[in-house]
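Input: a single structure, listed below in structure tokens.
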Amino acid sequence: MKIIFFGTPPFAATLLKTLLENGKTIAAIVTKPDKPQGRSQKLLCPAVKEFALKFAPEIPLFQPDVVSTAEFLPTLEAFKADLFIVVAYGEIIKQSLLDMPLLGCINVHASLLPTYRGAAPIQRAIMNGEIESGVTIMQMVRKMDAGDIIRVAKVQISSEMTYGELEEQLCEASIEPLLKVVEEYEKGIIPDHNPQDLLQVTFAPKIELEECQIDWHKPAKELHCLIRGVNPEPGAWCYVTVKGEKKRLRVMRTSLVEDASGLAGTVLKCDKMGIVVACETQGLKILELQLEGKRRMTVAEFIPGIPEGLTF
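Here my numbering is used: the first residue of the sequence shown is 443, the next is one more, and so on.
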């Protein structure tokens, strides 16, 4: 059975690696184009491309700007693939592409559908204080994340778990169900599938930088979830004043302080164990941070260099 794999970030690269290690025939790999990163605007290749070039250079690799164009479709048609597997590719797949493979297209989505359809399901689940997430293997249809559910795997979200940590667990949890679905197709079995409950649909739109700004006038628990949900990227942030100059501070890891109270944004305590800041309700202890122009560090590392007059 010939498969064309579509994916871009490390999550997708891990599943591509799993498929190859388990002897699945990947006829071609499609990923997004290299993107300029940082101040230097140096081109950075996607994780899937990096993996493919190093470990599977014999497999044709494509990086179209837009995948579902009339110009690119014949390229994929030539492979006569049986199945498309899509994992965090980063583009809505049009019907002309969905209709191409004999067995259709399946997608690995990092939420328990029908909840958290969209681009940022892992981040949104943590930001909303969920205690459970998971992955869904689904049939793909034209509408985003709306296809029938084939298999799910659940993952518990701890009170301190970050986006990066949950993503790793979800990736691991998706391996077994994905392999089982692929093996069913290989045996000529169409996997059981069930429609999504439309009454339970929620959405997870892309994270915007502005919504990552910390407002100390909000409850500490809400801010704690925000900080966890965007760690490591794009990172929650606030402004601090250093010697009269406003600088951006990324807050990377925190814990709740239940018995803290004071004017929102006030530093209540500062020692090597953390910086306790008052919120609307309770307090938040900052454990890891990154001041503009500096590296990420623990509070214990940060304290000796705290500029005089640092205020939130």
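We put the CB at the ideal spot given by N, CA and C, even for glycine.
Range of the contiguous alpha helix (DSSP H) that encloses residue i
{"i": "GLN537", "result": "537-540"}
{"i": "TYR627", "result": "605-628"}
{"i": "LEU462", "result": "452-463"}
{"i": "GLY560", "result": "Unbroken run through GLY560: none, as it is neither H nor E."}
{"i": "PHE493", "result": "489-497"}
Sub-7 angstroms separation of residue i and residue j beta-carbons
{"i": "VAL550", "j": "SER575", "result": "no"}
{"i": "ILE649", "j": "ALA520", "result": "no"}
{"i": "GLY805", "j": "VAL709", "result": "Absent from the structure is residue 805, since the part of the chain shown begins at 443 and ends at 754."}
{"i": "MET694", "j": "GLU730", "result": "yes"}
{"i": "ILE445", "j": "LYS466", "result": "yes"}
{"i": "GLN638", "j": "PRO746", "result": "no"}
{"i": "PHE453", "j": "CYS613", "result": "yes"}
{"i": "PRO633", "j": "GLU626", "result": "yes"}
{"i": "ALA455", "j": "PHE493", "result": "yes"}
{"i": "GLU618", "j": "ILE564", "result": "no"}
Whole-Å CB distance - residue i paired with residue j, under 8 angstroms assumed
{"i": "ALA530", "j": "PRO451", "result": "5 angstroms"}
{"i": "VAL719", "j": "GLY735", "result": "At roughly 21 angstroms, the Cβ-Cβ gap does not stay under 8 angstroms, so VAL719 and GLY735 are not in contact."}
{"i": "ILE416", "j": "MET582", "result": "As shown, the chain starts at 443 and ends at 754. That puts residue 416 outside it, with no answer to give."}
CA nearest to the CA of residue i, picked from the options
{"i": "GLU513", "options": "ARG690, SER538, GLU609, LEU608", "result": "SER538"}
{"i": "VAL623", "options": "GLY571, VAL594, ALA588, GLU675", "result": "VAL594"}
{"i": "ARG559", "options": "ASP541, ASP590, ILE573, LYS536", "result": "ASP590"}
{"i": "GLN505", "options": "GLN642, PRO488, ALA498, VAL684", "result": "PRO488"}
{"i": "CYS667", "options": "LEU540, ASP657, GLU687, GLU602", "result": "GLU602"}
{"i": "ILE548", "options": "THR696, LEU554, ILE527", "result": "ILE527"}
{"i": "PRO499", "options": "ASP507, LEU462, ASP476, PRO516", "result": "LEU462"}
Beta strand (DSSP E) segment containing residue i, residue limits
{"i": "GLN479", "result": "477-479"}
Inter-residue Cα distance where the pair is residue i and residue j
{"i": "PHE754", "j": "LEU486", "result": "34 angstroms"}
{"i": "LYS714", "j": "ARG692", "result": "18 angstroms"}
{"i": "PRO674", "j": "THR511", "result": "34 angstroms"}
{"i": "THR683", "j": "ILE717", "result": "15 angstroms"}
Cβ of residue i within 7 angstroms of any chain C Cβ
{"i": "LEU733", "result": "Structure shown: chain C not included; a single protein chain is present."}
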